[in-house]
Amino acid sequence: MIERIKKKNDKKIVPDTSVLINKKLTELVEKGKLDHSKIIIPRIVIDELQAQASRGKDTGFRGLDEIKKIRKLCDKHKISLSFDGTRPTQEDINLAKKGRIDALIRDFAVKEHATLLTSDYVQALVGEAEDVSIWYVPFDIKGRKIKLEEFFTPDTQSVHLKVGVKPYAKRGKPGDVKLVNLRDKSIEDNELKSIIYEILSKTHKDPSSFIEIGKHGAMVVQMGRYRISITRPPFSSGTEVTAVRPIVKLSLADYKLHKQLEEMIVSGYQGVLIAGPPGSGKSTFAASIAEFLSKKGKIVKTFEQPRDLQVGPEITQYAPLENDWEKTAELLLLVRPDYTIFDEIRKTRDFRVFADMRLAGVGMIGVVHSTDLISAIQRFIGRIELGMIPHVIDTVIYIKNGNIEKTYTIGLTVKVPTGMTEQDLARPVVEVRDFETKKLEYEIYTFGEENVIIQVEKPKETPLRRLATKTIEEEISRYDRNPKVEFLSDNRIVLKVRNDVIPKIIGRRGKTIEEIEKKTGMKISVEPIEEIEKKTGMKTPAEPIEKTRREEIKHLVGEKGAYFNIKVEKKFTGQQVDIYSGDEYLFSPVVGKNGYIRIRKRSEEGSKVLRAISSKNLKVMV
Numbered sequence: 001m002i003e004r005i006k007k008k009n010d011k012k013i014v015p016d017t018s019v020l021i022n023k024k025l026t027e028l029v030e031k032g033k034l035d036h037s038k039i040i041i042p043r044i045v046i047d048e049l050q051a052q053a054s055r056g057k058d059t060g061f062r063g064l065d066e067i068k069k070i071r072k073l074c075d076k077h078k079i080s081l082s083f084d085g086t087r088p089t090q091e092d093i094n095l096a097k098k099g100r101i102d103a104l105i106r107d108f109a110v111k112e113h114a115t116l117l118t119s120d121y122v123q124a125l126v127g128e129a130e131d132v133s134i135w136y137v138p139f140d141i142k143g144r145k146i147k148l149e150e151f152f153t154p155d156t157q158s159v160h161l162k163v164g165v166k167p168y169a170k171r172g173k174p175g176d177v178k179l180v181n182l183r184d185k186s187i188e189d190n191e192l193k194s195i196i197y198e199i200l201s202k203t204h205k206d207p208s209s210f211i212e213i214g215k216h217g218a219m220v221v222q223m224g225r226y227r228i229s230i231t232r233p234p235f236s237s238g239t240e241v242t243a244v245r246p247i248v249k250l251s252l253a254d255y256k257l258h259k260q261l262e263e264m265i266v267s268g269y270q271g272v273l274i275a276g277p278p279g280s281g282k283s284t285f286a287a288s289i290a291e292f293l294s295k296k297g298k299i300v301k302t303f304e305q306p307r308d309l310q311v312g313p314e315i316t317q318y319a320p321l322e323n324d325w326e327k328t329a330e331l332l333l334l335v336r337p338d339y340t341i342f343d344e345i346r347k348t349r350d351f352r353v354f355a356d357m358r359l360a361g362v363g364m365i366g367v368v369h370s371t372d373l374i375s376a377i378q379r380f381i382g383r384i385e386l387g388m389i390p391h392v393i394d395t396v397i398y399i400k401n402g403n404i405e406k407t408y409t410i411g412l413t414v415k416v417p418t419g420m421t422e423q424d425l426a427r428p429v430v431e432v433r434d435f436e437t438k439k440l441e442y443e444i445y446t447f448g449e450e451n452v453i454i455q456v457e458k459p460k461e462t463p464l465r466r467l468a469t470k471t472i473e474e475e476i477s478r479y480d481r482n483p484k485v486e487f488l489s490d491n492r493i494v495l496k497v498r499n500d501v502i503p504k505i506i507g508r509r510g511k512t513i514e515e516i517e518k519k520t521g522m523k524i525s526v527e528p529i530e531e532i533e534k535k536t537g538m539k540t541p542a543e544p545i546e547k548t549r550r551e552e553i554k555h556l557v558g559e560k561g562a563y564f565n566i567k568v569e570k571k572f573t574g575q576q577v578d579i580y581s582g583d584e585y586l587f588s589p590v591v592g593k594n595g596y597i598r599i600r601k602r603s604e605e606g607s608k609v610l611r612a613i614s615s616k617n618l619k620v621m622v
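According to the numbering used here, the residues represented by the sequence shown are 1 to 622, in order.
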């Protein structure tokens with residue numbers, strides 16, 4: 001469709017940059033609309049196109065190619081082509097974004113008594129206001145299917161186009177994707193340029209499309225449902241277009257989410273991490289959570305670059321404000337959302353913004369690439385403090401082939417890491433448990449100066465361990481019918497029994513437990529089962545009773561860093577002793593290496609020891 005706002009002279013035409021970039025001038029020439037006319041291209045237009053091409057912008061190359069094509073058509077259509085006018089000054093270049101270049105082109109058209117040919121609506125309106133002869137030729141691609149879309153079928157996930165290579169696509173459902181050639185003929189340079197031109201033209205005209213990233217040699221365009229990456233040399237070895245789109249839109253019900261997990265996400269602010277390899281369906285799952293929360297009456301926003309989540313209009317999608325997620329986060333805190341979907345977390349600053357938002361009280365759901373579930377957690381290590389991880393992330397959902405493969409919960413506790421035996425090796429440990437079974441699968445803690453992730457493997461049951469377990473259970477059954485036996489190693493056991501039977505099992509001066517140790521050939525540490533059950537949230541029927549008194553031994557009390565150190569004789573190393581405050585029983589630790597009992601000051605036991613030391617009533621009994 002060609003519109004004329006104000007036209008005086010068809011025989012003298014001055015085109016601006018817009019009509020060269022969108023190739024409308026060639027279209028008019030080929031249709032014979034400009035036969036026997038004179039086309040004058042201002043030098044300021046040539047310089048502007050050259051500047052754009054030098055910055056690697058496709059618009060500059062398209063405009064210059066258009067001029068070359070017009071020159072070839074001039075003789076056939078009896079057209080006179082010339083270049084005239086002055087070149088822009090440095091001030092003109094600096095003010096180009098404010099309309100200076102467009103104003104100079106209008107002035108040139110007036111000076112030449114020619115008609116200004118443009119596809120820029122603002123340029124046409126200003127020209128009409130200034131009584132300039134205007135021929136407005138809009139580029140209307142809205143509603144028209146562009147060539148790129150012809151490569152897509154309903155089951156196509158992505159299309160890959162590169163000069164000199166046959167076009168190919170990924171087709172199929174998540175978990176069953178195949179790479180297929182789309183035709184036998186390779187993509188030619190002009191064909192790919194035409195496809196890129198259509199993409200950018202539609203992007204400028206379509207309100208649902210926009211350029212997310214524009215760099216020298218690279219561009220990312222969000223065109224409706226399509227996320228399109230365009231790369232050129234020197235960034236890439238050749239011009240390439242990659243278009244990706246979601247092929248399905250699912251609701252949360254389609255994932256058959258665990259009811260308890262669903263309730264947990266809705267009921268309170270959570271830190272949820274969605275992990276999985278590229279193309280596994282993470283963003284689709286994140287979009288389904290966003291829609292689900294929105295329907296539950298929650299205010300949901302998204303952090304995306306590019307903004308390609310398939311969500312409803314009630315969910316606002318944010319990009320980095322001035323290319324900075326921190327500025328977006330500052331603005332978002334004023335909006336006060338209930339939940340924010342961060343798709344996806346890539347750079348160190350992204351991880352820190354995610355953590356800051358979570359600690360500020362916003363429910364965060366992050367999307368991160370990872371080969372396995374534990375790798376997703378590992379990507380946070382080093383970016384935020386280890387002890388802060390459970391406060392930032394409490395649930396990790398691993399997506400593979402479009403399905404939820406596994407869900408983990410994360411918690412923090414102070415304990416002796418699995419596989420270590422000495423009580424004085426206790427430290428803060430991040431526990432990673434299976435959401436459904438509550439089984440401990442990984443431990444993360446500091447060892448020396450390094451943070452380590454250890455997979456907790458179920459110990460293999462050997463005939464020796466079976467025999468030792470049976471012997472211990474028989475010996476202890478007269479005191480506790482339900483003892484729990486845990487192997488720390490092949491020769492060391494933790495025996496967990498009711499608190500009230502511990503003195504009877506140990507016996508006077510430890511003789512009873514020594515006899516059991518001789519029978520089994522194992523070193524046995526006795527612990528109250530109530531302490532373990534408190535950690536797991538299970539109720540116990542145990543009743544607090546007074547501890548049986550034994551023999552008091554000499555001790556010295558000191559401090560080192562965050563610990564109280566109670567020193568006893570070395571011969572008691574490995575034995576369990578009782579700590580009293582006067583006649584009041586406090587707890588029963590195990591003596592560590594070289595006769596030291598280490599007690600963390602900021603623990604419940606540390607508070608009891610401090611009170612006993614202050615009242616000068618601390619006693620160690622054995």
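Backbone N, C-alpha and C define an ideal beta-carbon position, used for all residues, glycine too.
Pairing residue 369 with residue 242 gives a Cβ-Cβ distance that is not under 7 Å. Annotated as distal: residue 567 and residue 606, with beta-carbon spacing of 7 Å or more.
Secondary structure in the segment 347-385: the alpha helix (DSSP H) runs of 4 residues or longer, each lying completely within the stretch, are 348-359, 373-378 in chain order. Assignment of beta-bridge partners to residue 501 by DSSP yields no partner. Taking C-beta separations shorter than 7 Å and ignoring five residues to either side along the sequence, the partners of residue 598 in its chain run 424, 563, 565, 592, following chain order. In the three-state reduction of the DSSP assignment, residue 619 falls in the strand class, which pools E and B. Rounded to the nearest whole angstrom, the CA to CA distance from residue 235 to residue 63 is 22 Å. By a beta-carbon distance limit of 8 Å, residue 225 contacts residue 246. Their separation comes to about 7 Å. In terms of Cβ geometry, residue 44 and residue 81 do not form a close pair [threshold 7 Å]. Looking at the backbone, the Cα of residue 303 and that of residue 610 are separated by about 49 Å.
If you draw a straight line from the Cα of residue 267 to the Cα of residue 217, it comes to about 47 Å. In the structure shown, residue 479 adopts coil according to DSSP, grouped into three states.
When the beta-carbon positions are compared, residue 87 and residue 47 come within less than 7 Å of each other.
Contact annotation: residue 339 and residue 328 have beta-carbon atoms that are not nearer than 7 Å. By the criterion of a C-beta distance shorter than 8 Å, residue 184 is surrounded in its chain by 166, once the five residues flanking it on both sides are discounted.
A straight-line Cα-Cα distance of about 33 Å links residue 228 and residue 270.
The segment 270-279 makes contact with the segment 363-377; the number of CB pairs closer than 8 Å reaches 3 or more.
Boundaries of the alpha helix (DSSP H) around residue 49: 43-54. In this structure, DSSP gives residue 520 a helical state, which the three-state scheme calls helix.
Bounds of the alpha helix (DSSP H) holding residue 291 are 282-295. For residue 36 against residue 78, the beta-carbon gap comes to about 5 Å, under 8 Å, which counts as contact. In this structure, residue 118 sits near residue 19, with a CB-CB distance shorter than 7 Å. Only residues of its own chain outside the window of five on either side were considered, and among them 426, 427, 428, 429, 600, 603 have a CB closer than 8 Å to the CB of residue 414, listed in chain order. Shown here for residue 50: same chain residues with a beta carbon closer than 8 Å to its own, the five before and five after excluded, namely 60, 64 in chain order. With respect to residue 499, residue 463 sits apart: the two C-beta atoms are not nearer than 7 Å. Linking residue 176 to residue 324 through their CA atoms gives a straight-line distance of about 37 Å. Along the segment 86-139, the alpha helix (DSSP H) occurs as fully enclosed runs of 4 or more residues at 90-94, 100-111, 121-129, listed in sequence order.
Pairing residue 555 with residue 342, the inter-Cα distance amounts to about 56 Å. Residue 445 is not a Cβ neighbour of residue 432, given a cutoff of 7 Å.
The continuous alpha helix (DSSP H) containing residue 333 extends over residues 325-335. Between the segment 284-297 and the segment 252-268, the count of C-beta pairs closer than 8 Å reaches three or more; the two stretches touch.
Out of 237, 257, 582, the CA that lies nearest to the CA of residue 404 is found in 257. Between the C-alpha atoms of residue 146 and residue 192 there is a straight-line separation of about 12 Å. A Cβ-Cβ separation of about 7 Å places residue 510 in contact with residue 622 under the 8 Å criterion. Excluding the 5 residues flanking it on each side, residue 26 has same chain C-beta neighbours closer than 8 Å at 66, 69, 70, 73, in chain order. Taking C-alpha positions only, residue 488 is separated from residue 517 by approximately 15 Å.
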